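Worksheet: one structure, shown below.
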């Protein structure tokens, strides 16, 4: 924990802060950046992967890389000063490494998979066993059996959703013959929605299927592996000892399983800026190491320090294996392991180099990690902590240890947010304004909860001890949830209304890097202020653009719905949709275009909304819905027959072809 919150042994007891008046020099940090070869290796490898992902042709790629080689050879003959020619050779090498590692693992979707297929032979890779109507999992297609044709061997991952009864019968390793419709994973294209296509494509999954017990035949039943048996035993212990309302949080905290987490709880943690607590990452791994190492140090007469640390790392690797090596955990375990190796050998001290070494190794194992949101946020947070924590925490010093602890924790949270907030704004379109306050509570609560929860798992076979641990864990979770909900309901707890394009995201990241660079000495503090001002301007302009947007958007829904956003008010109009079918839609839309929401049901109603320059009207004629916008009429078509019936311009839902406007994605009328 000293690495995270700083060493306070040099501070004397007084509550008065000391503001450094001298130039702050962070020579070690500067050396760490300059002497970290994996900054270059990681950057070039990641660039090669990104180019490979972008479907650049081999011809264009060959011309580009040969150009680098020719330049390197020309420089070698001209004998330039320094090592520029070697830099170009290494640039060529690692670009190729990234490019071809992506190409070898990138699988082009087979169009014939979505056609008529008799059966699929699939192996279950993972499958949730929650209480939902549909439980999610991953299967790998091994063979397909088209009608009247020989089987075709393919290797494609398949996103599966199955009913509760089926999910209890199947498990990892089981092989089934599946007869079900296969479809491509696609987004609905509504504003602010989760980008399912990008998320699953980054995991190598392009198709999905829904099936029930009658749609498959099991041809291989794999006995429960030791890993799954241990995991099932832990879940059984949780269900036995933990109150039901906390079960979803406990499973997310310790097993990374969010299938039982209620939507309301997700929203509370997201609004408070504490969602990362529910995603197992470096925070959890660091706490596990600290607790286990501290436990064995109680027996220091019998167990040496190195042995205690070795036990801790054996545990975290087994733990990572138990929860299927998610990227954030794999990154943390790998990085901490390298740090421990440096501790043993006294040879590796550059934390930035270690971080990017682990990042490069993960990319070589699976290049798709580069596009994984968890991977990006995890490494961005650690990059901010390594680069910015030391200079930031040194700006103010307290002589009392409690004040030092809280200031260091604040500096830690701010450092992590410096590089993660542009990514959060880009993907999630919102930002928790009280993230420092919520993370201060998490720093205190996480150690207690992880310690008690770990003890409960270890002593799960001892009924009396497990019950007492579960009681303490429930109290801790009650306090944590109360604290999170309190933050959620503070005025202005969350800022919404951000849609950043790639170029804006790039500029934001450049400005964040500029803030880091200018933190090193007093002469650059003006530059730091300029970069900080640029960040504020970019965010303010983007936010104002979203708030002042005037438009009518037609949504991709099962029945017609639309939203008129004007004068900071959103009028949501729908054709008799149930609240459960539009609440998430509205929540996502409000992230991008916040405003006061008014919901109006169009069914058998004549509704007119006017503004100084525009008029929107909905009416019914012979049970057909008609929309009029600024004098232009549109018939809403629910079936293909309606296309031929009406003379006006036509708005067809997602499955209607031939309409003037087809709502297979959201359609905007901008004013």
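In my numbering, the protein residues as written are 84 to 754.
All C-beta atoms, glycine included, are put in the ideal place defined by N, C-alpha and C.
All values reported here derive from a predicted model rather than from experimental measurement.
What separation, rounded to the nearest whole angstrom, lies between the Cα atoms of residue 774 and residue 275?
-> Not covered by the structure: residue 774. The range shown for the chain is 84 to 754.
Check residue 474 in the structure and name its three-state DSSP category.
-> Three-state result, residue 474: helix.
Skipping 5 residues on each side, what residues in its chain have a beta carbon closer than 7 Å to that of residue 180?
-> 128 and 131
Three or more C-beta pairs closer than 8 Å, one from the stretch 471 to 479 and one from the stretch 526 to 538: is that the case here?
-> no
Could you say if the stretch 577 to 596 and the stretch 620 to 632 meet the contact criterion of at least three C-beta pairs nearer than 8 Å?
-> yes
Consider the C-beta atom of residue 291 and the heavy atoms of the ligand SAH; say whether any pair is separated by less than 6 Å.
-> Inclusion of the ligand SAH in the displayed structure is not the case, the ligand content being empty and no account of it being possible.
Whose C-beta lies closer than 7 Å to the C-beta of residue 354 among residues of the same chain, with five residues either side of it excluded?
-> 515, 571, 576 and 577
Tell me residue 710's beta-bridge partners as DSSP assigns them.
-> 701 and 717
N- and C-terminal bounds of the beta strand (DSSP E) containing residue 246 = 235 to 246
Return the chain-ordered list of same chain residues with a C-beta closer than 6 Å to the C-beta of residue 652, the five sequence neighbours on each side being excluded.
-> 678 and 679
Put residue 738 into one of helix, strand or coil per three-state DSSP.
-> coil
Proximity to residue 244 [Cα-Cα], best of 234, 211 and 236 = Per the Cα distances, 211.
Measure the alpha-carbon distance for residue 513 versus residue 579 and round it to whole angstroms.
-> 4 Å
Near residue 610, what residues of its chain come up, given a Cβ to Cβ distance below 6 Å and the 5 sequence neighbours on each side ignored?
-> 601
Which listed residue (295, 271 and 256) has its alpha carbon closest to that of residue 262 = 295
Given a threshold of 16 other Cβ atoms within 10 Å of its Cβ, counted over all protein chains shown, does residue 365 qualify as buried or as exposed?
-> buried
If you check the beta carbons only, do residue 420 and residue 457 fall under 7 Å apart?
-> no
7 Å Cβ cutoff met for residue 122 and residue 439 | yes
Would you kindly work out how many angstroms separate the C-alpha atoms of residue 359 and residue 338, rounded to a whole number?
-> 14 Å
Same chain, Cβ closer than 7 Å to residue 634, neighbours up to 5 away in sequence not counted = 648, 751, 752, 753 and 754
Taking residue 367 as the reference, which of 705, 691, 536 and 433 has the closest Cα?
-> 536
Give the DSSP bridge partners of residue 148, in chain order.
-> In the DSSP output, where bridge partners are listed per residue, residue 148 has none listed.
Do residue 717 and residue 734 have their C-beta atoms within less than 7 Å of each other?
-> yes
Run the CB neighbour count on residue 120, radius 10 Å, all protein chains shown included, and call it buried at 16 or more, exposed below.
-> The residue is exposed, with fewer than 16 neighbouring Cβ atoms inside 10 Å.
Reduced DSSP category for residue 754 - H, G, I as helix; E, B as strand; rest coil | coil
Less than 8 Å between the CB atoms is what I'm expecting for residue 494 and residue 462, so what's the real figure, rounded?
-> Separation of the CB atoms of residue 494 and residue 462 is rounded to 19 Å, and the pair is thereby denied contact status at 8 Å.
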